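Number of protein chains: 2
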Amino acid sequence: MTSHISPAVAAVDWGTSHFRIWLLDAAGAVLAERRSAEGLLSVPPQGFAAILENHLAVLQAPAALPVVICGMAGSRQGWVEAPYASAPVALGEVLAGAVRVASSAREIRIVPGIAQHDPDAPDVMRGEETQLAGIAALASGGHLVCMPGTHSKWVEMRDGAVAGFCTWLTGELYSLLSSQSILRHSVTGAGHVSPDAAPFRQACADALAQGGDIGAQLFRIRAAGLLAGLSAQDSAAMLSGLLIGAEVASATRRFAAADKKPVTLVGSAALSPLYRAALELAGHEVRIADGDAAVRTGLFAAARHLGMIESKATA
Amino acid sequence: MTSHISPAVAAVDWGTSHFRIWLLDAAGAVLAERRSAEGLLSVPPQGFAAILENHLAVLQAPAALPVVICGMAGSRQGWVEAPYASAPVALGEVLAGAVRVASSAREIRIVPGIAQHDPDAPDVMRGEETQLAGIAALASGGHLVCMPGTHSKWVEMRDGAVAGFCTWLTGELYSLLSSQSILRHSVTGAGHVSPDAAPFRQACADALAQGGDIGAQLFRIRAAGLLAGLSAQDSAAMLSGLLIGAEVASATRRFAAADKKPVTLVGSAALSPLYRAALELAGHEVRIADGDAAVRTGLFAAARHLGMIESKATA
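Read top to bottom, the protein sequences are chains A and B.
If you're matching positions, the first sequence starts at 1 in our numbering and goes up one per residue.
If you're matching positions, the second sequence starts at 1 in our numbering and goes up one per residue.
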């Protein structure tokens, strides 16, 4: 799906378990796209350049096309380490900290992540900072950003700067509990959970009412299966509702000073409806942003910020 | 290690992953003991009788020796189902509900578990009811019992009856998080956690201060490793402290009406010191009972209650 319009930059989201590349024109429009499972965990030593160049060749990208990358490719275990910016930090400053891959003739830059060195609340992100840059235009002033996933991030934004952030293991806990724990007997065979399912909504409400402490609720899913024949579908909805509700309750308390601000939800088509339901049950005003579009827009913003795109084309 | 004194009964704790048998004299003293990994999960279909008789033969038990059993051998997937007693229920009534294994010439009885049919708090136990019978003499009146493990149980006792109970997945969460999650990178290589370790105590205090909501704390273990070089030992202590502290905070709220009562801790040598520290940090008065002794004493009490031991010998 290459185009006759020349690309201005290649934008790459290179995470732990995925690789995505877009060829963008000088206005940021998508000319071509590829996705693969060649995330950090599956890249052989010194294998980053070959993987990237292979995708660029398939897309018939020019030899001089610059490439901007975000995500785990910039971690210590990645291609070239892009040292963390330190929160609180303006997003422009984060983008400006992108490092050059010196071993390549092509201009390739990797956007750094952000570290929070607060000894009471240490935290790190890599990739989400670029999504934040991608939604900066949507959400000015002060607001909260919720980025659901394996490791959900909540970010307090203040006038284009990351004021603070915190990570929840929600997606990973759902995966472990539903596939490895005693609860696997309860949820095996369940399909996609709907945000309208009564057990999902009830479990969200319970988790919110408990202030995020769902310790006493988890085994009830198993017991309700044994004693009352709770179905796999309802069990999965309860587990999802408990974990997402607990995250929302916990994050709402963590960012209590920000709790009257709207929440910008940056997620996937699978997760956003569930998080939206939980956020609305908690009384938050919710704005939705698409996670894929956010990272692509953020990478384009980084390329412009770094002068990688001809200025005449970006006017 | 058989004895010249004749055994009066064989007591068996037959759980999901373990098998334990004791030969007891007419006063409940241990004459001989065997342990194996032949728990429910490893018993072939119709294999229960052969496993039990093999252990009895090795112990040179008489052919007429009665056997009392508790645990998962009485579940639907077990040897003979011993239907749950329904809480609230007196422990004597639970023991009286033991079912006879009709297929055996030997007198064999299996103690039932307890179900809590409350639709807002469904729960089940199998095995712990026998431990409760074993500590009944230690703790009369009203008290809370904490039984740590893979699935920790807290039980509110009132005058020899189980008034209510609730299960936490604490041990299973520790195992999954430390071996399967992102936190495995942080804790791999850690040894036994000490209840005196500062990170354990601090994490317990944090979990208590958060009312059991530790969602925002878990990823900090990983971040502190990346940013501040937190050691594997301190990471494991933090994870243990967060999970045990969260259970104690959650259970203290769940049984709020009982919170001025002492807590009887029925556990193993590995877990009891950690739970004792967390309980004391939460302001509970703690009594310690040994879990092995509790189940053995409870099985002996069941055998007496069921008339399986000659009355002249039990006077």
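The beta-carbon is built from N, C-alpha and C at its ideal position, and this holds for glycine as well.
If you're wondering where the values come from, they're calculated on a predicted model, not measured in any experiment.
| Asked | Found |
| --- | --- |
| Contact set between the region 177–199 of chain B and chain A, restricted to residues whose Cβ is under 7 Å from the partner | Q180, S181, I182 |
| Best match in A115(B), A26(B), W14(B) for proximity to S42(B) [C-alpha to C-alpha] | W14(B) |
| Neighbourhood of L230(B) by C-beta distance below 6 Å, restricted to the same chain and skipping five residues each side | A224 |
| Neighbour flag for E156(A) against chain B, beta carbons, 9 Å | no |
| Chain-ordered neighbours of S250(A) on chain B, where CB pairs are closer than 7 Å | D213, G215, A216 |
| Counterpart residues of D13(A) in DSSP-defined beta bridges | R20(A), C70(A) |
| A161(A) to L91(A) span [Cα, whole Å] | 6 Å |
| Interface flag, Q233(A) vs chain B, CB-CB below 9 Å | no |
| Same chain only: Cβ atoms within 6 Å of A303(B), ignoring 5 sequence neighbours per side | V9, V68, I309 |
| Residue range of the unbroken alpha helix (DSSP H) whose run includes T167(B) | Note, T167(B): premise wrong, no alpha helix (DSSP H); beta strand (DSSP E) at 161–168. |
| Neighbour-count burial assignment, R100(A), 16 or more Cβ in a 10 Å radius | exposed |
| Chain A within 9 Å of A223(B), Cβ atoms only | yes |
| For H143(A), the residue or residues it bridges with in DSSP | M157(A) |
| Buried versus exposed, by CB contacts within 10 Å (16 or more), S250(B) | buried |
| Test item: CB-CB of G241(B) and V193(B) under 9 Å | yes |
| 8 Å contact criterion, which K153(B) and T130(B) should meet: CB distance rounded | That belief does not hold up - the Cβ atoms of K153(B) and T130(B) are roughly 12 Å apart, past 8 Å. |
| is_contact[P122(A), chain B] using C-beta, thresh 9 Å | yes |
| Reduced DSSP secondary structure (H/G/I, E/B, other) of M125(B) | strand |
| Residues within the region 15–34 of chain A neighbouring chain B, beta-carbon criterion of under 7 Å | none |
| Chain B residues whose Cβ lies nearer than 9 Å to that of A246(A) | D213, G215 |
| Contacts of A228(A) in chain B (Cβ-Cβ under 9 Å) | H117, P119, P122 |
| Contact residues within the region 158–172 of chain B, judged by C-beta distance below 7 Å to chain A | C166, T167, W168, L169, E172 |
| Residue-level contact to chain B via CB, D219(A), 9 Å cutoff | In the sequence under discussion, the amino acid at residue 219(A) is Phe, which differs from the Asp named in the question. Closer than 9 Å: yes. |
| 3-residue-minimum beta strand (DSSP E) runs that sit fully inside the region 219–303 of chain B, ordered along the chain | 263–267, 286–290 |
| Cutoff 6 Å; reference S6(B); Cβ partners in own chain excluding five residues on either side | none |
| Chain B contact residues for H55(A), given Cβ-Cβ distances below 8 Å | The contacting residues do not exist; H55(A) stays about 27 Å from chain B at best. |
| Residue-level contact to chain B via CB, R325(A), 9 Å cutoff | With chain A running from 1 to 315 in the structure shown, residue 325(A) is simply not present. |
| Positions along the region 133–151 of chain B whose CB lies within less than 7 Å of some CB in chain A | H151 |
| Minimum Cβ-Cβ distance from Q210(A) to chain B less than 9 Å | yes |
| E285(B) classed as buried or exposed, judged by whether at least 16 other C-beta atoms fall within 10 angstroms | exposed |
| Beta carbon proximity, R253(A) to chain B, threshold 9 Å | yes |
| Backbone CA spacing between L52(A) and Q46(A) [nearest angstrom] | 12 Å |
| Inter-residue spacing [alpha-carbon to alpha-carbon] between L23(B) and V248(A) | 53 Å |
| Whether E156(A) touches L144(A) by CB criterion (9 Å) | yes |
| Boundaries of the alpha helix (DSSP H) in which A96(B) is found, first to last residue | 91–96 |
| 7 Å Cβ shell around F255(A) - same chain, five flanking residues per side excluded | L144, W154, E156 |
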